[in-house]
Amino acid sequence: MLRFIVRRLLQAVIALFVLSVLLFAWLRSLPGGVVSALLGERGTPENAARLRAQLGLDDPLPVQYWRFLQRALQGDFGVSNGVYRGEPALDVFVQRFPATLELSLFALALALVLAIPLGYVAARRRGGMLDTGSVIFSLVGVAVPVFFLAYVLKYLFAVRWGLLPPSGRQSVGIDATHITNLYVLDGILTREWDAAWDALKHLILPAIALSSIPFAIIFRITRAAVIDVMDEDYVRTARAKGLTSSVIRVRHIMRNALIPVVTIVGLQVGALLGGAVLTEKVFAFQGIGQALAIGFERRDYPVLQVLIMFAALIYIVVNLAVDVAYALIDPRVRTK
Amino acid sequence: MTDRPGTSTYPSGEGEPLLSVRDLTVTFGRGAKAFRAVDAVSFDVRPGQTVGLVGESGCGKSVTSLAIMRLLPSRGNAVTGSVHFDGEDLLTLSDTQMRDRRGRDVAMIFQDPLSSLNPVVPLGVQVAEVLERHRGMNRGDAGRRAAELLDKVGIPDPTRRLKEYPHQLSGGMRQRALIAMALACEPRLLIADEPTTALDVTIQAQILALLKELVQESGTSLIMITHDLGVVAGLCDEVNVLYGGRIVERARRHDLFARPRHPYTGGLLASIPRLTEGKGRRLTPVPGSVADNIPWEGGCAFAPRCSSEIEVCRERTPELVPDHEGLGPDRLLRCHNPLESNPLDDAPSDEEVRA
Ligand SMILES: Nc1ncnc2c1ncn2[C@@H]1O[C@H](COP(=O)(O)OP(=O)(O)OP(=O)(O)O)[C@@H](O)[C@H]1O
Ligand code: SF4
Ligand SMILES: [Mg+2]
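Taken in order, these protein sequences are the chains called P and Y.
To convert, note that position 148 of the first sequence is 132 in my numbering; the numbers rise steadily by one, no gaps.
To convert, note that position 304 of the second sequence is 839 in my numbering; the numbers rise steadily by one, no gaps.
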C-alpha cells in the first residue's frame, strides 16, 4: 500500500513537471503577450523593448523556463500583472482557493446525497415512472451547459423572485470572522449563525449549477452498478440466508455498487474545477475559477500559471486519494 | 418395507415428509411465449433423507430449487402448485415469513462458490450475519461461533480465515465456507444446487464426503441437485430424473443403478466414467442435446433422442405412473417403452461408481 502511494506520488511529480513545461511554452506562444498587456496605452516600441529586456523575455525559452522553475521551487511564482497587479501570484491562489473548495465540496456533497439514493431506487424499480423520470432528468443534466443553467437559476431565483442572493460569497453588511476562509464553516466555528446562514444562501445557486453534471453522472453510474450487482450470485446467497432487506441493501448491494461510483467521483473533480470557472463567473463568486477567467482576459501569466498548476495538483491528489479509497473498499485490489 | 441390502440407512416411508412438493410449475413469459421450465413436479423429502434431482443442463433443476426457496426473480414468472414444509405451504407465506424460514429452516448452497460469496465482505461477517439474523447473537458471539463452524467444515486456521476475503481462498475452501454458512443455524432442509460442478475432481470428492458426513451427523434432509449420476451414487437415498421440466423416472438409488427403466436414465448411466473400466473405453453420452426437446404436449419430449422410440411416443404424452415390474418399491416411470434390461452388460454397481 505504501509503495503504491509512493509510486503514484512520483508519477504525480513527473506529470506536474511535464505540465509545467507545456504550460510555460503554451502561455508564451499566445498572441499579444505580457508586454502589451502591461504597457497598454503607453506601448511605444522603445518602452516595449526595455520591458522585454527587464523581464528577461529575450532569452531563449529553456533559459526562461529554468529561471521560472528555480523561483517556483522557492515558492516564488512571480507577481500578477493583471487586476491583482503587484500581488504575488501564489497569494492570489491561496486567498481564492478556499472559496472554490467550499463551492466544490458543497456541490459534490449535493450531487452525492441526491444521486446515490436516487440511483439505487431507480435501479430497484427499473422501468418504473421514477426510474424513467430520473433517467431523462439526468440526461438533461448532462446536456445543459453549466453557464446556461447558472444564468437561468440566477435569473429565476435571484433576479426575478429575489429568494437568494445573485452574487458574491457573503452580504456586504455581514461582519464575519474568518478562520478557514470556508465561510459556512467559519460561521459555524465562531457560532456566528447569521454569517453561516448568509454564506450558505450565497452557495446554494452556484452549487446547484455546479452539481448538475456530477449529479447526472453519479446517478447513472450508481443506477447501472446497482442493476448489475442485484443480479450477482452473492446477492442471491444473501437472500437465501434470509437476511433483512436493509442488510442486503447496505452490505451486499451498495458496498459493491459503490466501487465504480468512487472511481467516477475522482474523475468528476476535473469537471468540478472546469465548471467552477463558468459558475464563479456568473455568480461573481470570488474563487480561483473567477480568477482564472479574469487572468485569461488580462493575460496575467504568473497568475494563470499558478492557478493551472495547482488545479492540476489538486486533481492528481484527489485521484490518488480515490485510488487509496478504492483499495480500502475493494480487498481484491488491496491484496494483489 | 422390504429389507434390501445396501439400503438399511434409507429412512423409507417413516414419518411425515418434511418437504412435500406438489405439482410445482414454473412458467416464464406469457401467452404465446410462455415456457414451462418446471412442469407439475411432485416429490417428498423425509426427515434425514437425501433426495437427488438429476438431469442435463436446462432441465429445470435450478428453477425447481429456486422456486422452493422463493428466490426466483420477482417478475417475469408464475409459480403454481404447493411446497409444504413442515405442514406449511411456503408458496403462500408472506415475504417476511419466508425470510424468517430461509437460512434458518431451509438453507441453500450454490454451484459457483466464488461468485456466490460477496467479494468485499470478510468471510467471518458472511458467516456471522446468518447467526446474528436468526439466532439473535451479537457480533462477538457470532464471530466465535463462525470460527467453530469453519473449523467443523474443515477450514484450517479458522480465526485467521474469518478476516480474509473470498478471493484469498481456494475453490474448495470457498465451497466449505458456503456450507458453513448454510448449516450455521442447523436447518432441517439443505438444498445443494450442483455444489461440486465448479470444482476440481479431487476436491469434488472431498466436498461430497463432507456434505454426507454433516447431513448424517445432524439428521438434516438434503436435496442434491446434479447432472452427474456419479454424485448421486455416493449420496442419495432416492433419485428423481428430470427431463424437459418433468420427472421421467423416480427410484431408490440402488434400484436405479441396478435396473434403469427410462431410456434417458439408461443413457445417463452409460455416460458415467468408471474406474474399473479400461482406459480405452469411450463414454457414451446421451445423443443429441436439450436443444432437440420437443414440447411434452402430444408426445414424449425425449423422442427425438430416444433409441427405444416407438410409434405411440409421438402421439401420446407418457404419464408418470407407478412401475410394477418388481424392480424395487416406490418406482415411478414416464415412458411408453421402458428398458427391459440394463443397457450396460457390465453394469456398475453403485459401490463401484462410488470408488
Ligand atoms: N429467469 C429466467 N427467465 C427465463 N427462462 C429461464 C430463467 N431461468 C431459467 N430459465 C430457463 O429455464 C430452464 C431451466 O433452467 P435451469 O436453470 O433450472 O436449468 P438447470 O437444470 O439448473 O441447468 P444447469 O445444469 O445448466 O444449471 C432453462 O431452459 C432456462 O433457460
Ligand atoms: S416414451 Fe418413447 S420416446 Fe419417450 S423415452 Fe419412452 S420410449 Fe423413448
Ligand atoms: Mg442449474
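Built from N, CA and C at the ideal position, the CB exists for glycine as well.
Model, not experiment: these values are computed from the prediction.
Checklist line | 7 Å Cβ cut-off: residues of chain Y touching Val231(P) | finding: By 1-based counting over the first sequence, the position of residue 231(P) is 247. Within chain Y, the residues Glu664 have their CB atoms less than 7 Å from the CB of Val231(P), given in chain order.
Notebook entry, point to check: Any Cβ of chain P within less than 7 Å of the Cβ of Val655(Y)?
Noted result: Position 120 of the second sequence, counted from the first residue, corresponds to residue 655(Y). Yes, its Cβ sits closer than 7 Å to a Cβ of chain P.
Check: Taking just the CA atoms, how far does Leu166(P) sit from Phe267(P)?
Finding: By 1-based counting over the first sequence, the position of residue 267(P) is 283. By 1-based counting over the first sequence, the position of residue 166(P) is 182. Answer to the nearest angstrom: the Cα atoms are 17 Å apart.
Margin query: Taking only three categories from DSSP, how would you classify Met759(Y)?
Written below: Position 224 of the second sequence, counted from the first residue, corresponds to residue 759(Y). Look at Met759(Y) here: in three-state DSSP terms it is strand.
Next item on the list: Indicate whether the contact test is met: 3 or more Cβ pairs, each with one atom in the stretch 740 to 755 of chain Y and one in the stretch 565 to 577 of chain Y, closer than 8 Å.
Entry: Segments in contact, no.
Checklist line | Cutoff 7 Å: Met672(Y) Cβ touching any chain P Cβ | finding: As a working mapping, residue 672(Y) is identified with position 137 in the second sequence. It does not: the Cβ of Met672(Y) has no partner Cβ on chain P nearer than 7 Å.
Check: Beta-carbon of Tyr778(Y) versus every beta-carbon of chain P: anything under 7 Å?
Finding: Walking along the second sequence from the start, residue 778(Y) turns up at place 243. Chain P contact via Cβ: absent.
Checklist line | Rounded Cβ spacing between Ile232(P) and Val219(P) (contact assumed at less than 8 Å) | finding: What you label residue 232(P) is simply residue 248 of the first sequence in a count that begins at 1. What you label residue 219(P) is simply residue 235 of the first sequence in a count that begins at 1. Going by Cβ atoms, the distance from Ile232(P) to Val219(P) rounds to 7 Å, so yes, they are a contact pair.
Check: Would a C-beta distance cut-off of 7 Å place Leu868(Y) and Arg796(Y) closer than the cut-off?
Finding: The residue labelled residue 868(Y) in the question sits at position 333 within the second sequence. The residue labelled residue 796(Y) in the question sits at position 261 within the second sequence. The Cβ atoms of Leu868(Y) and Arg796(Y) lie closer than 7 Å to each other.
Checklist line | Assumed close pair Ile297(P), Leu0(P) - CB separation to whole angstroms, cut-off 8 Å | finding: The count along the first sequence starts at 1 and reaches residue 297(P) at position 313. The count along the first sequence starts at 1 and reaches residue 0(P) at position 16. Here the sequence assigns Leu to residue 297(P), which means Ile is not the residue at that position. Indeed they touch by this definition, with Cβ atoms about 6 Å apart.
Next item on the list: Kindly indicate which residue of Gln751(Y), Val660(Y), Ser651(Y) and Thr560(Y) has the alpha-carbon position closest to the one of Pro693(Y).
Entry: Residue numbering aside, residue 693(Y) sits at position 158 when the second sequence is read from its first letter. Ranked by how close their Cα comes to the Cα of Pro693(Y), the residues Gln751(Y), Val660(Y), Ser651(Y) and Thr560(Y) have Val660(Y) in first place.
Margin query: Check this for me: beta carbons of Ile644(Y) and Ala712(Y), under 7 Å apart or not?
Written below: Counting from one through the second sequence, the residue named residue 644(Y) turns up at place 109. Counting from one through the second sequence, the residue named residue 712(Y) turns up at place 177. Taking C-beta atoms as the reference points, Ile644(Y) and Ala712(Y) fail to come closer than 7 Å.
Notebook entry, point to check: Using 7 Å as the limit for Cβ to Cβ distance, is Ala208(P) near chain Y?
Noted result: Translated into positions along the first sequence, residue 208(P) becomes position 224. No, Ala208(P) lies away from the interface with chain Y (no Cβ there is under 7 Å from its Cβ).
Note to self: Suppose you measure from the CA of Ala150(P) to the CA of Val302(P); what does that come to, to the nearest Å?
What the structure shows: By one-based count along the first sequence, residue 150(P) stands at place 166. By one-based count along the first sequence, residue 302(P) stands at place 318. In the sequence under discussion, the amino acid at residue 150(P) is Pro, which differs from the Ala named in the question. Cα-Cα distance, rounded: 30 Å.
Checklist line | Beta-carbon spacing of Leu724(Y), Val856(Y) below 7 Å | finding: Here the question's residue 724(Y) lines up with position 189 in the second sequence. Here the question's residue 856(Y) lines up with position 321 in the second sequence. No, they are not a contact pair.
Check: Excluding five sequence neighbours on each side, which residues of the same chain lie with their C-beta closer than 8 Å to the C-beta of Ile845(Y)?
Finding: Looking up residue 845(Y) in the second sequence gives position 310. Result list for Ile845(Y): His871 and Asn872, in chain order.
Item checked: Residues that Thr247(P) contacts on chain Y, provided the C-beta gap is smaller than 8 Å -> Here residue 247(P) corresponds to residue number 263 of the first sequence, with the count starting at 1. By Cβ distance, chain Y contributes nothing, its closest Cβ being about 14 Å from Thr247(P), past 8 Å.
Next item on the list: With distances taken Cα to Cα, identify the nearest neighbour of Arg251(P) among Ile202(P), Arg283(P) and Arg207(P).
Entry: For the purposes of this step, residue 251(P) is identified with residue 267 of the first sequence, where counting begins at 1. With the sequence shown as reference, residue 251(P) is identified as Leu, and Arg is not the correct amino acid for it. Measuring from the Cα of Leu251(P), the nearest candidate turns out to be Ile202(P).
Check: Over what stretch of residues does the beta strand (DSSP E) that includes Tyr778(Y) continue unbroken?
Finding: As a position in the second sequence, residue 778(Y) is number 243, starting the count at 1. Per DSSP, Tyr778(Y) belongs to the beta strand (DSSP E) from Glu773 to Tyr778.
Check: So is Arg223(P) in contact with chain Y if we call contact Cβ pairs under 7 Å?
Finding: Reading the first sequence from its first residue, position 239 is the one you call residue 223(P). Contacts with chain Y at 7 Å (Cβ-Cβ) include Arg223(P).
Item checked: Validate contact between the stretch 306 to 318 of chain P and the stretch 577 to 597 of chain Y using beta carbons, cut 8 Å, 3 pairs -> No, the stretch 306 to 318 of chain P does not touch the stretch 577 to 597 of chain Y.
Next item on the list: Could you list which residues in chain Y have their beta carbon closer than 9 Å to that of Tyr218(P), in chain order?
Entry: For the purposes of this step, residue 218(P) is identified with residue 234 of the first sequence, where counting begins at 1. Correct list: Ser650, Ser651, Leu652, Asn653, Pro654, Val656, Gln661 and Pro701.
Notebook entry, point to check: Asp314(P) touches chain Y at which residues, Cβ-Cβ below 7 Å?
Noted result: Taking the first sequence and counting its residues from 1, one reaches residue 314(P) at position 330. By Cβ distance, chain Y contributes Val655.
Notebook entry, point to check: Roughly how many angstroms lie between the CA atoms of His762(Y) and Leu114(P), to the nearest whole one?
Noted result: Locating residue 762(Y) in the second sequence gives position 227, where the first residue counts as 1. Locating residue 114(P) in the first sequence gives position 130, where the first residue counts as 1. Rounded to the nearest angstrom, the two C-alpha atoms are 43 Å apart.
Check: Quick one: does Asn165(P) have its CB under 7 Å from some CB of chain Y?
Finding: Residue numbering aside, residue 165(P) sits at position 181 when the first sequence is read from its first letter. It does not: the Cβ of Asn165(P) has no partner Cβ on chain Y nearer than 7 Å.
Checklist line | Presumed contact (8 Å Cβ cut-off) between Pro834(Y) and Cys848(Y), rounded CB distance | finding: Counting from one through the second sequence, the residue named residue 834(Y) turns up at place 299. Counting from one through the second sequence, the residue named residue 848(Y) turns up at place 313. Per the sequence shown, the amino acid found at residue 834(Y) is Gly instead of Pro. Beta-carbon to beta-carbon, Gly834(Y) and Cys848(Y) are separated by about 6 Å, close enough to satisfy the 8 Å threshold.
Note to self: Quick check: what's the CA-CA separation for Pro29(P) versus Gln270(P)?
What the structure shows: Here the question's residue 29(P) lines up with position 45 in the first sequence. Here the question's residue 270(P) lines up with position 286 in the first sequence. Per the coordinates, the alpha-carbon of Pro29(P) lies some 36 Å from the alpha-carbon of Gln270(P).
Notebook entry, point to check: Excluding the five sequence neighbours on either side, which residues of its own chain have a C-beta within less than 8 Å of the C-beta of Leu53(P), listed in chain order?
Noted result: Position 69 of the first sequence, counted from the first residue, corresponds to residue 53(P). Here Leu53(P) has Ser4 as same chain residues with Cβ atoms under 8 Å from its own Cβ, once five neighbours each way along the sequence are excluded.
Notebook entry, point to check: Do we get a CB-CB distance below 7 Å when we pair Gly678(Y) with the residues of chain P?
Noted result: Reading the second sequence from its first residue, position 143 is the one you call residue 678(Y). So no, Gly678(Y) is outside the interface.
Notebook entry, point to check: Should Phe199(P) and Gly125(P) be called a contact, given that it needs their Cβ atoms to be closer than 7 Å?
Noted result: By 1-based counting over the first sequence, the position of residue 199(P) is 215. By 1-based counting over the first sequence, the position of residue 125(P) is 141. Closer than 7 Å, so yes.
Item checked: Cβ-based neighbour list, Glu850(Y), same chain, cut-off 8 Å, excluding 5 preceding and 5 following -> Translated into positions along the second sequence, residue 850(Y) becomes position 315. Hits under 8 Å: Gly833 and Gly834.
Item checked: Buried or exposed (CB count within 10 angstroms, at least 16 for buried), Ile300(P) -> Translated into positions along the first sequence, residue 300(P) becomes position 316. Taking all protein chains in view, the Cβ of Ile300(P) is crowded by 16 or more other Cβ atoms within 10 Å, so the residue is classified as buried.
Notebook entry, point to check: Would the C-beta of Lys596(Y) count as close to ligand 1, meaning under 6 Å from any of its heavy atoms?
Noted result: Walking along the second sequence from the start, residue 596(Y) turns up at place 61. Distance from the C-beta of Lys596(Y) to the nearest heavy atom of ligand 1 is below 6 Å.
Checklist line | Near ligand 1: Phe563(Y) beta-carbon under 6 Å from a heavy atom | finding: Counted from its first residue, the second sequence places residue 563(Y) at position 28. It does: the Cβ of Phe563(Y) is within 6 Å (strictly closer) of some heavy atom of ligand 1.
Notebook entry, point to check: Got a sec, what are the start and stop residues for the alpha helix (DSSP H) Phe81(P) sits in?
Noted result: Residue 81(P) sits at position 97 when you count from the first residue of the first sequence. Counting along the chain, the unbroken alpha helix (DSSP H) around Phe81(P) starts and ends at Ala73 to Arg108.
Notebook entry, point to check: Smallest Cα separation from Glu551(Y): which of Gly564(Y), Val561(Y) and Arg581(Y)?
Noted result: If you number the second sequence from 1, residue 551(Y) lands on position 16. Per the C-alpha coordinates, the member of Gly564(Y), Val561(Y) and Arg581(Y) positioned closest to Glu551(Y) is Arg581(Y).
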